[in-house]
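To convert, count from 1 in the sequence shown and add 36; that's this note's numbering. Structure, as structure tokens:
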Amino acid sequence: MSYDIAVWEGEHPADDATAGRNFRDLYEHYIGLGTKHPPTARIAGYVAALLSRWPDLTEDEDDASPWSTEPLISEARGPLIYFPVRYSMADEASAYAAHVASSMRLVCYDPQEQRLRP
Numbered sequence: 037m038s039y040d041i042a043v044w045e046g047e048h049p050a051d052d053a054t055a056g057r058n059f060r061d062l063y064e065h066y067i068g069l070g071t072k073h074p075p076t077a078r079i080a081g082y083v084a085a086l087l088s089r090w091p092d093l094t095e096d097e098d099d100a101s102p103w104s105t106e107p108l109i110s111e112a113r114g115p116l117i118y119f120p121v122r123y124s125m126a127d128e129a130s131a132y133a134a135h136v137a138s139s140m141r142l143v144c145y146d147p148q149e150q151r152l153r154p
């Protein structure tokens, strides 16, 4: 079982409902259509920051990584990354993901709870 996190570049939405609409639009455009879009430099930097704390699954010899996909960068499309984390580490990993996103002026959204992450 996994927990999903969405992070993207753009204006910070005014509220959770707007963030939900923005996420659905970005998802449909960048993921739903199945077209390959290379990650933007900011999203690639975001992934690098996440991987500086926990290794990619391809390098995780101690089963310490919270990521549920490999390589993590493969979940990035253009200005959006939508990625799963192991449910057992969801609280810690999602809090860190939100913190890093905020520090990089990216939007972090929790699709399960349909809310922005502070």
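Ideal Cβ placement from N, Cα and C applies to all residues, glycine included. Every value quoted in this text rests on a predicted model; they were computed, and no experiment measured them.
Mind checking which residues open and close the alpha helix (DSSP H) that includes residue i?
i, result
"residue 138", "126 to 139"
Mind checking residue i: buried by the 16 CB within 10 Å criterion, or exposed?
i, result
"residue 154", "exposed"
"residue 142", "buried"
"residue 95", "exposed"
"residue 131", "exposed"
"residue 104", "buried"
"residue 10", "Residue 10 is absent from the structure shown; the chain starts at 37 and stops at 154."
Per DSSP, residue i forms a beta bridge with which residues?
i, result
"residue 103", "121"
"residue 55", "DSSP, once it has assigned bridges, lists no residue as partnering residue 55."
"residue 145", "42 and 152"
Among the options, which has the Cα closest to the Cα of residue i?
i, options, result
"residue 81", "149, 133 and 145", "133"
"residue 139", "98, 91, 106 and 48", "48"
"residue 110", "99, 79 and 89", "79"
"residue 127", "149, 117 and 106", "149"
I'd like the span of the beta strand (DSSP E) that includes residue i, first residue to last.
i, result
"residue 41", "38 to 44"
With a threshold of 7 Å on Cβ separation, who are the neighbours of residue i within its own chain once the five nearest residues in sequence on each side are excluded?
i, result
"residue 122", "38, 102 and 104"
Excluding the 5 residues flanking residue i on each side, which residues of the same chain have their C-beta closer than 6 Å to its C-beta?
i, result
"residue 59", "42 and 145"
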